[in-house]
Structure formats: C-alpha cells, structure tokens
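*Asks:* Pasting a structure here, questions to come.
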Amino acid sequence: MITGAPDPGMAGLAAGEGFARLCADRGVLFGGDYNPEQWPRETWREDVALMRRAGVTFVTVGVFSWSTLEPEPGTREWAWLDEVLDLLHEHGIAVDLATPTASPPPWLGILHPETLPVDRDGVRLAAGSRNQFAPSARAYRDAALRIATDLAERYAAHPAVRMWHVGNEFGQIDYGDEAARAFRGWLRERYGSIAALNEAWDTRVWSQGYRDFDDILPPRRAPYLLNPAQTLDFHRFTSDELRACFREQRDAIRRSGATQPITTNLMGFFPLVDAWSWAEDLDVIADDQYPDPAAPDSPQRIALVQDLARSLGDGRPWLLMEQAASAVSWRPHNLPKSPGRMRLDSLQAVARGADGVCFFQWRQARAGAERFHSAMLPHAGADTDAFRGVERLGADLARLRPVVGGRVDARVAMLFDWQGWWAASEPARPTTRHDTIAQLERWHGALWRRGVATDIVRPGADLSGYEVVLVPHSYVIEDDAADELRRAAAAGARIVIGPFSGVADAHGAILTGRSPVPLRDLIGASGEEWVGLPDDGLALALPSGEPTGPSTARATILAERLRTDGAEVLATFAEGDLAGRPAVTRHGAVWYLGAVVSEDVLATVLDEALAGVSGAVPHVPEGLEAVRRGGALFLLNHGESAVDVDVPEGSEDLLTGQRTSRRAKVAPGEAMVLIERRRT
Ligand code: GAL
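Each residue of the sequence shown is one higher than the one before, counting from 3 in my numbering.
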C-alpha cells in the first residue's frame, strides 16, 4: 500500500476550509460512488481508465463494504481496499473514504438481534437489505466504532484519501426497546424531572400522566392519536441519536490523526434529521438530490433544496454527493434523464453553490436491488450516449474552475426549521392539505422565476443584511425568532408572513390568545380561528374590497378569521362566512397573508415586498433560471424554446469560450456561464 503522512496543514481548519483547499487544488469535484468490491479486479483497471477519460476527479469508496471488510466478526480484509486506493491514487483520483456503517453484515443481527430496528408496530426488521441497524443499540454502536476506527487508522495517511464520509444518508428510525431506553435518557436530560415532562407534554389530556421516565415509550402504534408533544420529542431524539452515531465515528476518524474534511450525505428536506443541528458537525455540507425527470417543475423545486444545502453551510460551497445520471429504480415508474438534462441539473447545482458534482454511482450494478438504477457508466458500456454525456459534463466542469469558492449573494431570507415542520405535520389539525414544504416551494418558486437569490434561514438566526424576509409557514416561532423578526423590521427589512405561522410553542402546544400570538404586534392584525376552506376555495376582492370583473384571486386550503389592529387591508374575502374579512394586510413593511392565496395574489404581494431587490438579470424569460455566483452569471434554459437575455456587454461563456454581445441567446436545454472580461 502506498503510504504518506496526514497533511498537518489541514489539521484544525475551520469548517469548509479543508473542502475549499481540496477544490482549489482539484477544481469542481466530479465523480460518484464507486463500489469496486462488486466487480472483479480486471474491471477496476477499466474503471480507472474510463474515469480518467471522463475527467472524474473524486470517488466515494466503501459506503456499503462492511461485510467485505469484516466477513467474520473481528476479521479485517484490507488487501482489496489497499489495492483500490493505490490504483485510484496512481490515476490521480481523490477518494472520499466511507465508514461502511450504514449496512452491518448479517452476522451482527444474528449475534445481537437487538441491533435490528423495530418499527412502530413492533415488527423487528430483518437483514437482507441495508440500513438494518438500531441507532441506539450499544452492540451496533460498538461494532460501527471499531470498524470506523480501524479504517481510519489504516488510511488516515493514504494520499488518495481527501475526505471522509461517515455512514450513508442517516435516516433510521427505531421504536424498539433499545430506542425506548435511549429516549428515556434523552428525556431525563431535557426535562430533569418527570413532573417537568408531564407539564411539557400536558399529560393530563387523555390520562397520560407518567410516574417515572421508565414508563415512557417511543410513539409506538396505539389505539388512537398519540400525544403530539411525545411525537415531537421523539423526532428530536431520533435526529440527535443519529447525530450521536455520526459524531462517534467522526471523532474516531479525528483520533486516528486524519486531517481531511469529514462529512455525511444529507437529503435536503428529509424529515428524520434536523439538518440545522447536523450542519454544525459537518466540515462540508454534502447533499443527495434526485429530482424527478418526469416532473416539469423539478428544476424549480430542486433549486430550493440547493439553496438549503448552501444555507446549511452558511453560504459556503457544498457538495452534490449523489444524483442519478439517468433513471432511478425506486420510483414506481422511472423515466430516464437525457444526457442534456443531466448536464443542466449538474450545472444548476454549481450555479447554486456546489463545488462538486457526484453521482450514485460510477458503474451501473449488474446485480442487487439497484441493478436497474442508472450510473455514469451504464451496463451497455462507454459506447453510449449516456457515457458521452458524462464525458461532456466532465469537460464542462473542468472549465468552471474560475467559479470554485464563489458565493451566492442573497438579499432575501426564507425561514424554515425542522421543529416547526415536525409540529405542523402532526395529525388532527385544521387541514392536512396545508403542507409546510409545499408552501415553501410555492414561495421559493416565485423568487426562482424572478432570478432572485434566496437563503434559507433558521428562525431565530441573524437576519441582518437581508432586505426581505419571507415566512411562508413557520408553525413554531419562539421568542428569539419573533424578536429577530422585529429587529429586522426595525432595521428596514420588508417581511411577508404566511398563514398558520406562530401557532404553537416548542412542545407543539397552541399559544392561546388572538393569533399569531408572537407576531400580531408586527403584523397589526390578529385572528380568532383557522378555517379549512371548501375544495374550490373562496374568491378574494382586491384592492378596494369590491370584486372588479372576473378575478382569479382566490384563497384555498386554509384561511384565518382576521381583524386588523392597525394594518391596512389589501384584500378581503369576497364570499362565504368570511366575506368582508381581511385576507391580506400590510402593516408598515410587514405583509400578512391570512390564507393560502392564489399565485396572482402571492405574486402581487411579493412584487411589492421585493421592490428594489434585483434578480440575476433584469428580465428572466419563462423557463430560464438565472443565478449569480461570485463573478459568474449562470443562465440555464429549462424550457423548450430559445430565450434572449440581457447580459453585461463583453461577457465570456466559460463553457464555450465565446464572447457575447449585450443580448445572449440560450438554446433550450442549454446553459451559459458568463463572466465579464475586460477587452484587451
Ligand atoms: C441513495 C443512496 C444510494 C443509492 C441511491 C439510489 O439514497 O444513498 O446508495 O441507493 O439512493 O438512488
């Protein structure tokens, strides 16, 4: 095995610094998951040759290799991995080395059945797939720690290893006895006494008072609705417990002397992990994104996920760890992605802050559950449109080196957090049609169409520097978050707040009084009731209170019975029991939507609030995505016809080397990455 020494210059770097150095060295990273243990040695040689041809610079190795590395308890089979890492290094390919802990070997569940997770119905899940571990089971944690430690000690100094990847897509949930034990410990820590827990969960309701922490269970299947405070805490616990698994392995890697950045792959708006808390532990935000090529709004929706990935890292460049080269195999009906679409998706990630574009996976599996999942190198081999598309992308990414490290400068913040999402997703509420992420997507989509850059911000975080703050649906607004909104308003920010925000406290209990309790002074209006609306919604009257001709302005899904307390009324309900009541208000520079409003109304309010905030280009034609990152202007045409865009005179397209005049034409499915060049 080739040996080296850990790079002392990398030790103790601030978050993102190690990744920044890697990308400064290698350019935009390009590659994918590489599973050589599934292939004979001859194939490895072909792999590295084709990787070179495609411009691959970075591969993730070992994600699911536990049973290959440790076929019997306590054994270690390193020889194949030594060889693979050496081979990759000889070919100049950097490695993101994974701890294999997402998929324990079957023997672990046989020797320690308690390491297998139990679902909410009490069914213990079997080995034979992957992810079969109970995060709280000590025997799992110890075995994971041992293999992670040995792996790190062996390879910390290997010159191929430039990053560490802990586990994979942490997202296991367990309701078994191991989880119950750990949940009780977590609750003891949080509440100190059983009396405090009973108070926080208000266990007087339905006779749920607990005598002792030992009486408490995870929210297993019960005859009827569960206590929402218990469920909310179990969400927090699950995220923290998985994070503890991550941290144990991360710390073991560091103890081995490894100085490379350490991360794991998040999954955007994934419900089981509070990525805001995890982000503090990751040296670089890595995210897996699988937009559905069959859905026309995929580019718009994935843009929100990409803005989240960037925002989780406080604006620092992030890594697209996984995407599909073409079709996935886990949807019921899997449409392929054209090579052009795959290229555009990849460039979109770079536009929104990624300094690395990777795939699941390098070579398409011939066997196993994912045998029909696409890969960079398909079953049919290199003489394919798909592989030529991969080669083209590799060449494109190599041209984007000037973009590396560049930041997206957003003047608009959009609030989102997991605890509000969790609490708002509990059953038994005014309507289950009101969905936090769907609302976020609608509002973000309006900004996307305008080419306006947006950061996603955790409620309570510093809002200074933002000209506009959007709160599409923050169900839980704690005092710090309300204070921060007030501070932002006082500092001149314009704020738009959507319905059903500021409803509950951190235990999910409703804040009593006219709603939204923490915000009503800010919005100058208050409500007394949340009202689910009929299927076709209610007409709205704008702005004089009289419907003027046929109007498309409507409220759907959910409304509030509001009155103004100082705010001006911008729209009222025009029919039904709410007729004449305010639907949209404005109080100074704070807009309030007392209902889920139709696109036209949302657009009018956002236009007013966004006045003076410029988009990436003056006018964004339909289908075009326009993003400024650092000194580069990304133009991505997701539409089906060519568009003309006003751009700075004398810009050069990094992808083609061509200069543009003041007006650039972007062909359908095509992209430009323009940087301004002084004429020489
Ligand atoms: C991801 C996972 C990969 C692969 C991929 C398929 O969730 O991390 O290992 O299964 O999905 O789309």
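Yeah, the Cβ is synthetic: ideal placement off N, Cα and C, and Gly gets one too.
1. Consult DSSP for Glu19 and reduce its assignment to one of helix, strand or coil.
2. Between which residues of its own chain and Ala224 is the CB-CB distance below 7 Å, once the five residues before and five after are set aside?
3. Between Ala329, Met344 and Arg343, which has its C-alpha nearest Leu337's C-alpha?
4. Output the boundary residues of the alpha helix (DSSP H) element that contains Phe248.
5. List the whole-angstrom C-beta distance separating Arg533 from Val30, where the pair is believed to meet the contact cut-off of C-beta under 8 Å.
6. In angstroms, rounded to a whole number, what distance separates the CA positions of Trp420 and Leu656?
7. Alpha carbon to alpha carbon, what distance is there between Leu322 and Leu399?
8. Let's test the definition: count the other Cβ atoms within 10 Å of the Cβ of Gln660 and tell me whether it reaches 16, buried, or not, exposed.
9. My understanding is that Ala353 touches Val629, with C-beta atoms under 8 Å, so please give their C-beta distance in whole angstroms.
10. Does the ligand GAL have a heavy atom nearer than 7 Å to the CB of Glu39?
11. Taking DSSP as the reference, what is the three-state secondary structure of Val470?
12. Run the proximity test for Val275: is its beta-carbon closer than 7 Å to any non-hydrogen atom belonging to the ligand GAL?
13. Quick one: is the Cβ of Asp283 within less than 7 Å of any heavy atom of the ligand GAL?
14. My parser needs the alpha helix (DSSP H) runs of 4 or more residues fully inside the stretch 89–146; what are they?
15. For Glu486, write down the residues that DSSP places opposite it in a beta bridge.
16. What residues match up with Trp593 in a beta bridge as DSSP calls it?
17. The beta strand (DSSP E) that contains Phe32, what's its start and end?
18. Relative to the ligand GAL, is the shortest distance from any of its heavy atoms to the C-beta of His475 smaller than 7 Å?
19. If you pair each beta-carbon of the stretch 104–111 with each one of the stretch 127–136, do three or more pairs fall below 8 Å?
20. Just to check my reading of the structure: Leu99 and His167 have Cβ atoms closer than 8 Å, yes? What is that Cβ distance to the nearest angstrom?
21. Please give me, in chain order, every unbroken run of the beta strand (DSSP E) with length at least 3 that falls completely inside the stretch 589–674.
22. How far does the alpha helix (DSSP H) with Ile304 in it extend, from its first residue to its last?
23. Quick one: is the Cβ of Val307 within less than 7 Å of any heavy atom of the ligand GAL?
24. Checking the sheet assignment: what are the DSSP bridge partners for Arg556?
25. Less than 7 Å separating the Cβ of Trp332 from some heavy atom of the ligand GAL?
26. Using DSSP with H/G/I as helix, E/B as strand and the rest coil, what is Asn200?
27. Would you mind reading off the limits of the beta strand (DSSP E) that contains Asp176?
28. What number of angstroms, rounded off, separates the C-alpha of Leu626 from the C-alpha of Gly11?
29. Note down the Cα distance separating Ile439 from Cys247, rounded to an integer number of angstroms.
30. In the DSSP assignment, the alpha helix (DSSP H) including Phe575 goes from what residue to what residue?
31. Under 8 Å, do Ala484 and Pro432 count as touching if we go by C-beta distance?
32. With respect to 7 Å, is the separation between the Cβ of Phe362 and the closest non-hydrogen atom of the ligand GAL below this value?
33. In or out: Tyr36 buried (at least 16 other Cβ within 10 Å) or exposed?
34. Any idea if Gly370 is buried or exposed, counting beta-carbon neighbours within 10 angstroms, 16 or more meaning buried?
35. List the whole-angstrom C-beta distance separating Thr558 from Ala527, where the pair is believed to meet the contact cut-off of C-beta under 8 Å.
36. Evaluate Ala397 with the Cβ neighbour count: other Cβ atoms within 10 Å of its Cβ, from every protein chain shown; 16 or more gives buried, anything less gives exposed.
*Replies:* Checking against the coordinates, here is how it stands:
1. Residue state, collapsed to three classes: helix.
2. Result list for Ala224: empty, nothing under 7 Å.
3. Checking every option, the nearest Cα to that of Leu337 belongs to Ala329.
4. Where Phe248 is concerned, the enclosing alpha helix (DSSP H) starts and stops at Pro230 to Arg257.
5. The residue you asked about is not Arg; residue 533 is Val in the sequence shown. No, Val533 and Val30 are not in contact; Cβ-Cβ is about 50 Å, not under 8 Å.
6. Near 38 Å, if we compare the C-alpha coordinates of Leu656 and Trp420.
7. Rounded to whole angstroms, the separation of the alpha carbons of Leu322 and Leu399 is 13 Å.
8. Gln660 is exposed by the Cβ-count criterion.
9. Cβ atoms of Ala353 and Val629 come within 8 Å of each other, at about 4 Å.
10. Not under cutoff, so the answer is no.
11. Collapsing the DSSP output to three states places Val470 in a strand.
12. In this structure, the C-beta of Val275 stays at least 7 Å away from each heavy atom of the ligand GAL.
13. No, since every heavy atom of the ligand GAL falls outside the 7 Å radius drawn around the Cβ of Asp283.
14. DSSP runs (the alpha helix (DSSP H)) wholly in the stretch 89–146: 108–113.
15. Note: Glu486 sits in no beta bridge, so no partner.
16. Answer is Val498 and Arg588, bridged to Trp593.
17. Segment Leu31 to Tyr36, the beta strand (DSSP E) holding Phe32.
18. No, the ligand GAL has no heavy atom inside 7 Å of this Cβ.
19. Flag = yes, the stretch 104–111 and the stretch 127–136 touch.
20. The beta-carbon separation of Leu99 and His167, rounded to 7 Å, stays under the 8 Å limit for a contact.
21. Counting whole runs of 3 or more residues, the stretch 589–674 contains the beta strand (DSSP E) stretches 592–595, 597–599, 626–631, 634–639, 645–648, 653–655 and 665–668.
22. Per DSSP, Ile304 belongs to the alpha helix (DSSP H) from Ser300 to Leu314.
23. Val307 has its Cβ no nearer than 7 Å to any heavy atom of the ligand GAL.
24. Partner(s): Ala541.
25. Taken from the Cβ of Trp332, at least one heavy atom of the ligand GAL lies inside 7 Å.
26. DSSP places Asn200 in helix when its eight states are reduced to three.
27. Neither: Asp176 is in no beta strand (DSSP E) and is coded neither H nor E.
28. When rounded, the distance between both Cα atoms is 42 Å.
29. Those two C-alpha atoms are separated by around 27 Å.
30. No alpha helix (DSSP H) contains Phe575, which is instead part of the beta strand (DSSP E) from Glu570 to Phe575.
31. Their beta carbons are not under 8 Å apart, which means Ala484 does not touch Pro432 by this criterion.
32. Relative to the ligand GAL, the beta carbon of Phe362 is positioned inside 7 Å of a heavy atom.
33. A residue is called buried once 16 or more other Cβ atoms fall within 10 Å of its Cβ, and Tyr36 is buried on that count.
34. Label assigned to Gly370: exposed.
35. Not a contact, Cβ separation roughly 20 Å.
36. Exposed is the call here.
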